[in-house]
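Q: Quick one: the structure is below, and I'll ask about it shortly.
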Ligand SMILES: Cc1cc2nc3c(=O)[nH]c(=O)nc-3n(C[C@H](O)[C@H](O)[C@H](O)COP(=O)(O)O)c2cc1C
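Numbering (our numbering), first residue to last: 81 to 310.
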């Protein structure tokens, strides 16, 4: 076998040998006990993920697709989840921001390995407005403010050199220190108003539990709930 084939086989063996780490026994999810609406369950699962020691349980994958229909995804942070929806912040001029302008439908995915859980949230995304966006930025750390100032109007653009970025950050750190209420013009708080939320609980013998909520204004709590094959 050639070195390339050896390396390819070693890589496949590595993948076959990997396991998803859980923190002890997996929780049992009895779908009959699921609430009428997804928000309380989502908040409970996020809290339990944090309590389980899951690193960064508030990070999520955001999938968008522009007018060409080709999906793209990236990790972003959840800033809140309430009756209005799931909140995240980014630059309106970034790739995701541009795609959301072309097509406001998006999907979020959380994966919490320690409790063996996944949540998918899909729906229409809207802007929370300039005041809420500025307040979102004010509530963040000086380092996050500096990053937003440096990235304003630039995120997702081609960067000429890393030195260019270092210079922009030096100016942004200095400004964030001097002006903690500074606003980054393109920083935008977005809210995804869910019409579908799916909860997935792993089970040791792979009899995983999937519960999907679909928005149904006439149902109790405004949602219909159903099971899915895993
Ligand atoms: C853990 C983690 C958290 C992140 N959180 C955010 C965030 O809250 N907002 C953001 O704009 N980018 C965040 N990013 C960067 C994005 O993943 C992405 O690289 C950036 O927003 C540009 O995406 P785009 O070119 O698809 O628009 C985060 C990255 C990581 C690894």
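From the three backbone atoms N, C-alpha and C, an ideal C-beta is built for every residue, glycine too. The model shown is predicted, which means the values in this text are computed figures rather than measured ones.
Give me the residue from 113, 134 and 85 with the minimum Cα distance to residue 100.
A: Nearest C-alpha to residue 100: 134.
Q: Identify whether residue 223 lies in helix, strand or coil by the three-state DSSP scheme.
A: Of the three classes helix, strand and coil, the one that applies to residue 223 here is helix, per DSSP.
Q: Out of 170, 155, 136 and 261, point me to the one whose CA is closest to residue 222's CA.
A: When each option's Cα is compared against that of residue 222, the closest is 261.
Q: For residue 255 and residue 308, I'd like the C-alpha separation in whole angstroms.
A: Spanning the two alpha carbons is a distance of roughly 51 Å.
Q: Would you mind stating whether residue 40 and residue 180 have Cβ atoms separated by less than 8 Å?
A: With the chain running from 81 to 310 in the structure shown, residue 40 is simply not present.
Q: Does residue 105 come out as helix, strand or coil in the three-state DSSP assignment?
A: Residue 105: coil per DSSP, three-state reduction.
Q: Is residue 326 buried or exposed, if buried means 16 or more other CB atoms sit within 10 Å of its CB?
A: Missing from the structure shown is residue 326; the chain here goes from 81 to 310 and no further.
Q: Within the continuous alpha helix (DSSP H) that includes residue 198, where are the two ends?
A: Careful: residue 198 lies outside any alpha helix (DSSP H), inside the beta strand (DSSP E) at 197-207.
Q: Return yes when the Cβ of residue 170 is within less than 8 Å of the Cβ of residue 238, no when it is not.
A: No, they are not a contact pair.
Q: Using the Cα positions of residue 124 and residue 113, report the straight-line distance between them to the nearest angstrom.
A: Their backbone Cα atoms lie some 13 Å apart in a straight line.
Q: Take residue 320 as the anchor and find which of 257, 201, 224 and 192 has the nearest alpha-carbon.
A: A query on residue 320 cannot be resolved here, the shown segment of the chain reaching from 81 to 310 and no further.
Q: Mind checking which residues open and close the beta strand (DSSP E) that includes residue 241?
A: Note, residue 241: premise wrong, no beta strand (DSSP E); not H, not E.
Q: Straight-line CA distance for residue 234 to residue 173?
A: For residue 234 and residue 173, the distance between alpha carbons rounds to 8 Å.
Q: Would you kindly work out how many angstroms separate the C-alpha atoms of residue 249 and residue 258, rounded to a whole number?
A: Cα to Cα, residue 249 sits roughly 14 Å from residue 258.
Q: Tell me whether the beta-carbon of residue 296 lies closer than 8 Å to the beta-carbon of residue 287.
A: In this structure, residue 287 does not lie closer than 8 Å to residue 296 by Cβ.
Q: Taking the C-alpha atoms as reference points, what is the distance between residue 196 and residue 90?
A: Cα-Cα distance, rounded: 27 Å.
Q: Does the distance between the C-beta of residue 171 and the nearest non-hydrogen atom of ligand 1 fall short of 7 Å?
A: Yes, Cβ of residue 171 sits closer than 7 Å to a heavy atom of ligand 1.
Q: Secondary structure at residue 153, three-state DSSP: helix, strand or coil?
A: Here residue 153 sits in strand by DSSP.
Q: Using only CA atoms, which one of 302, 145 and 244 lies nearest to residue 277?
A: Closest by alpha carbon: 302.
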